[in-house]
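Report on one structure; see the data block that follows.
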Amino acid sequence: IAAILRNPQPFPAPVRPMGFGSSTTRCLSAPGGTLVDLSKMNRVLRLDESTVTVQPGIAIRELAEILEADGLELHGGFDLANRSVGGAVCAASLEAAMGGCPSQFATHVTGLKVVSPEGKRFSAKAGDKNLLGLLRLSYGLLGIVYEVSLKVRPIQTFNVQFARVGFDDFAKLASRLTFASSSTKLYLMPFKDRVFLELRRPTNEAAQGRKLAWQLKDWACYSALPTALRSLAKVVPIRRMRYPLSDKLSEATQSLVSRSFMSTGSNSLEQTGRFKNPGSKQSFSYCTWAFPARDFGRVAGAYRTLCLEHYERTGFRCDMPAVVFRLNQDRSALLAPTFNEPMFSISSMTTEQAGWDDFIVDLAEFAHANNGVPFFNQTQGATSDHAMSCYSKRLEVFRRTRRKLDPNDRMLNHFFASYMA
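Heads up, the numbering used here is the position in the sequence shown plus 1, with the first residue counted as 1.
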């Protein structure tokens, strides 16, 4: 890695590190430059009862399986367990965190070893809060991480409760969910006027639940449903006939999940219970924005109105439920989306591409009007001016630091130049 960064002739800029390529924006793009694939750096280096040290290319799911064998688990009920550890540390993530717990996977980092943009090695430890705060969620702009230390703990069990309400009733409940002790994950179905709630609460029960049930949930939501919707689009090409069938499939999937004996679980069980489908590519597109929790009851209703009006005007709508996480306030990373306050993220999802780009534009305008905060790795359509208004002085501090560590712009690609220039 150091040799790559020190030698611009054979390895031209921009130099961008990559794990499993899970980002939906062009934050990893390196046109005319160098892409550094870290996926083969996937070893566990050290493990004790409170900390695990790994290389950045190891998959979170694979690490969870190794920890489970020793009765341990990672902190945090994060989503996208097919990401690499390095990718989840250096870019924003989504997490169904319990009340009072941080909302970013990167928060659980206790130490990092990094090669700087000029090819020099340095490290940051738990006592270096300012440095760790810069390196967490740094998107590979301050150097390439080659070693990560994370907190671990004995496996802890939680109870799972499911519920279904309409959007009007949810508006009355939203404020109570903001500071609830339970973690909160939601599925929004605007055209069925349905909000499915998945709440998790800590419990002292010994039994974690069934791994098969969590595999069934993961398979149903992220493999079977998108595949069925894509097949349905081929059989029923007329959208106004197809979309009601899509809604019935989505609603049936949510009902199946809530009846699949998932009354208890754990972070370990969820992360190791991912449905494995090697070699397949993600069959849906998504775009994520975060909105202040204090106003999310209204925002959820306004999001439904946006979806209905966009469909009436253009004939396009997302054919999958939008996924929502409550994200607790988290000040451990300078570029944390929830640095100032708790938020709810909305990830709009679809298997259809025709019309998706236009919807992203309308979604961005909606987010701008409702104090939405972009994720640099998961939000399309965010302007540099809007990102600056959201991250304000923190982005300016990050810019100055980046210029000191990377005066020759070795790691700055065109995507980030619009935010970091």
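C-beta atoms are modelled at their ideal positions from N, C-alpha and C, and glycine is treated no differently.
Open item on the list: Check this for me: beta carbons of S94 and A107, under 9 Å apart or not?
Closed with: The residue labelled residue 94 in the question sits at position 93 within the sequence shown. The residue labelled residue 107 in the question sits at position 106 within the sequence shown. In this structure, A107 lies closer than 9 Å to S94 by Cβ.
Task: Contiguous alpha helix (DSSP H) assignments of at least 4 residues, all confined to the segment 26-76 - done: Correct list: 61-69.
Task: Which residues DSSP lists as bridging F292, in chain order - done: Sequence index remark: in the sequence shown, residue 292 carries index 291 (1-based). F345, per the DSSP bridge assignment.
Open item on the list: Counting beta carbon pairs with one atom in the segment 182-190 and one in the segment 95-102, are three or more of them shorter than 8 Å?
Closed with: Flag = yes, the segment 95-102 and the segment 182-190 touch.
- [ ] Give the secondary structure of R318 by DSSP, where H, G and I count as helix, E and B as strand, and everything else as coil.
- [x] On the sequence shown, position 317 is the one that residue 318 refers to. In the three-state scheme derived from DSSP, where H, G and I count as helix and E and B as strand, R318 is classed as coil.
Task: Residues bridged to E148 [DSSP beta-bridge criterion] - done: Stepping through the sequence shown from its first residue, residue 148 is reached at position 147. Paired residues: K114.
Task: Nearest-angstrom Cα separation, counted from A208 out to Q157 - done: If you number the sequence shown from 1, residue 157 lands on position 156. If you number the sequence shown from 1, residue 208 lands on position 207. A straight line joining the alpha-carbon of Q157 with that of A208 spans about 10 Å.
Open item on the list: Considering only the alpha carbon of each residue, which of D170, N205, D219 lies closest to F197?
Closed with: In the sequence shown, the residue the question calls residue 197 occupies position 196. F197 has its Cα closest to that of D170, out of D170, N205, D219.
TODO: Determine contact between the segment 230-244 and the segment 200-220, defined as no fewer than three beta-carbon pairs at a distance below 8 Å.
DONE: no
TODO: Could you check what DSSP says for M242 in three-state terms: helix, strand or coil?
DONE: For the purposes of this step, residue 242 is taken as the residue at position 241 of the sequence shown. Three-state DSSP puts M242 in a helix.
Task: Straight-line gap, A368 to G72 (C-alpha atoms, nearest Å) - done: The residue given as residue 368 occupies position 367 in the sequence shown. The residue given as residue 72 occupies position 71 in the sequence shown. Straight-line Cα distance between these residues: approximately 42 Å.
Task: Closest Cα partner of N205 within the set S139, R195, T265 - done: Translated into the one-based positions of the sequence shown, residue 205 becomes position 204. Checking every option, the nearest Cα to that of N205 belongs to T265.
Open item on the list: So, at 8 Å on beta carbons, what are the nonlocal neighbours of L64 in its own chain, with the 5 sequence-adjacent residues on each side left out?
Closed with: Counted from its first residue, the sequence shown places residue 64 at position 63. Contacts found: V45, V53, V55, L75, V86.
- [ ] Along the alpha helix (DSSP H) that carries Q216, what are the first and last residues, could you check?
- [x] Within the sequence shown, the letter at position 215 stands for residue 216. It spans 212-220 - the alpha helix (DSSP H) in which Q216 sits, taken as one unbroken run.
Open item on the list: Restricting to Cα atoms, I'd like to know which of N160, L132, K152 is closest to G77.
Closed with: On the sequence shown, residue 77 is found 76 positions in, with the first residue counted as 1. Measuring from the Cα of G77, the nearest candidate turns out to be K152.
Open item on the list: Excluding the 5 residues flanking G280 on each side, which residues of the same chain have their C-beta closer than 6 Å to its C-beta?
Closed with: Here residue 280 refers to the residue found at position 279 when the sequence shown is read from its first residue. Residue confidence for G280 is low, a pLDDT of 45 falling below 50, so the modelled location carries little weight and cannot support an answer.
TODO: Could you tell me the boundaries of the alpha helix (DSSP H) in which Q272 lies?
DONE: Counted from its first residue, the sequence shown places residue 272 at position 271. Unbroken alpha helix (DSSP H) run through Q272: 268-273.
Task: C-alpha gap between A70 and T273, whole angstroms - done: Within the sequence shown, the letter at position 69 stands for residue 70. Within the sequence shown, the letter at position 272 stands for residue 273. Using only the alpha carbons, I get a separation of about 11 Å.
Task: For R15, the nearest candidate out of T352, R314, H415, A355 (CA to CA) - done: Residue mapping note: residue 15 aligns to position 14 of the sequence shown, counting from 1. Reading off the sequence, residue 15 comes out as Pro, not Arg. For P15, the nearest C-alpha among the options comes from H415.
Open item on the list: Measuring only the C-alpha atoms, how far is S267 from V146?
Closed with: As a position in the sequence shown, residue 267 is number 266, starting the count at 1. As a position in the sequence shown, residue 146 is number 145, starting the count at 1. One C-alpha to the other measures close to 29 Å.
Open item on the list: According to DSSP, simplified to helix, strand and coil, what is R233?
Closed with: For the purposes of this step, residue 233 is taken as the residue at position 232 of the sequence shown. Residue 233 is actually Leu in this sequence, not Arg. Looking at L233 - three-state DSSP - the assignment turns out to be helix.
TODO: Tell me whether M350 sits in a helix, a strand or coil according to DSSP, three-state version.
DONE: The residue you call residue 350 lines up with position 349 of the sequence shown. Strand.
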